[in-house]
Amino acid sequence: MKNICIFCFPLILYTFSCKEDNTTAENNIPDMNIIEVVKVMSVVATGEENKYTFSVGVQSPDTGCNQYANWWEVISEEGDLIYRRILAHSHVDEQPFVRSGGPVAITKDQKVFVRVHMNTTGYSDNIFAGSVQNGFQESILDKTFASQLETMQPLPNGCAF
Numbered sequence: 002m003k004n005i006c007i008f009c010f011p012l013i014l015y016t017f018s019c020k021e022d023n024t025t026a027e028n029n030i031p032d033m034n035i036i037e038v039v040k041v042m043s044v045v046a047t048g049e050e051n052k053y054t055f056s057v058g059v060q061s062p063d064t065g066c067n068q069y070a071n072w073w074e075v076i077s078e079e080g081d082l083i084y085r086r087i088l089a090h091s092h093v094d095e096q097p098f099v100r101s102g103g104p105v106a107i108t109k110d111q112k113v114f115v116r117v118h119m120n121t122t123g124y125s126d127n128i129f130a131g132s133v134q135n136g137f138q139e140s141i142l143d144k145t146f147a148s149q150l151e152t153m154q155p156l157p158n159g160c161a162f
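Note that the sequence shown covers residues 2 to 162 in this note's numbering.
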């Protein structure tokens, strides 16, 4: 009997200590495909002075017309609107996406900010800053900077899908 107890006791301890319960760990793994904030991902400018074409990469948590990135814009360091590209529909299944626009009337050495706007949360503070001559780099800009532009034309007049 003593031999049975000596053999069974470690087996019982092992059984209780190795109970598999991964529900907490599995439920806390973040979904890396969920986009939480709208942001500019890239900026490429082509063309010639005062009529550049900007190709802007945008990542946004689009869910449809109820929540989508509705424009990107080029603004001066002083907060003046230089160009705005209206995004006429959501991009639920296309993330990130690139849209081009122009002509953008700036000189090659003029420093500008490129930022994106979400119809539900407004401007992103994740922007790109720079010039055509020196390139554009990811940067941060207070989302309230030049917030008066949010009501300035051109503005979207609906969402296609």
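Think of the CB as a built atom: it goes at the ideal place given N, C-alpha and C, for glycine as much as any other residue.
- Pairing GLN154 with ASP94, the inter-Cα distance amounts to about 28 angstroms.
- In this structure, the CA atom of VAL41 is about 22 angstroms from the CA atom of ALA161.
- Where ALA46 is concerned, the enclosing beta strand (DSSP E) starts and stops at 40 to 49.
- Across the structure, GLY131 and HIS92 are spaced so that their CA atoms are roughly 26 angstroms apart.
- The three-state reading of DSSP puts GLU151 in helix, counting H, G and I together.
- With a 10 Å radius around the Cβ and a threshold of 16 neighbouring Cβ atoms, ASN135 comes out exposed.
- Going by beta carbons, ASN67 and LEU88 fall outside the 8 angstroms limit.
- In the three-state reduction of the DSSP assignment, LYS52 falls in the strand class, which pools E and B.
- Counting every other CB atom within 10 Å of its CB across the protein chains shown gives ASP110 a total below 16, marking it as exposed.
- The alpha-carbon of MET119 is positioned some 18 angstroms away from that of VAL44.
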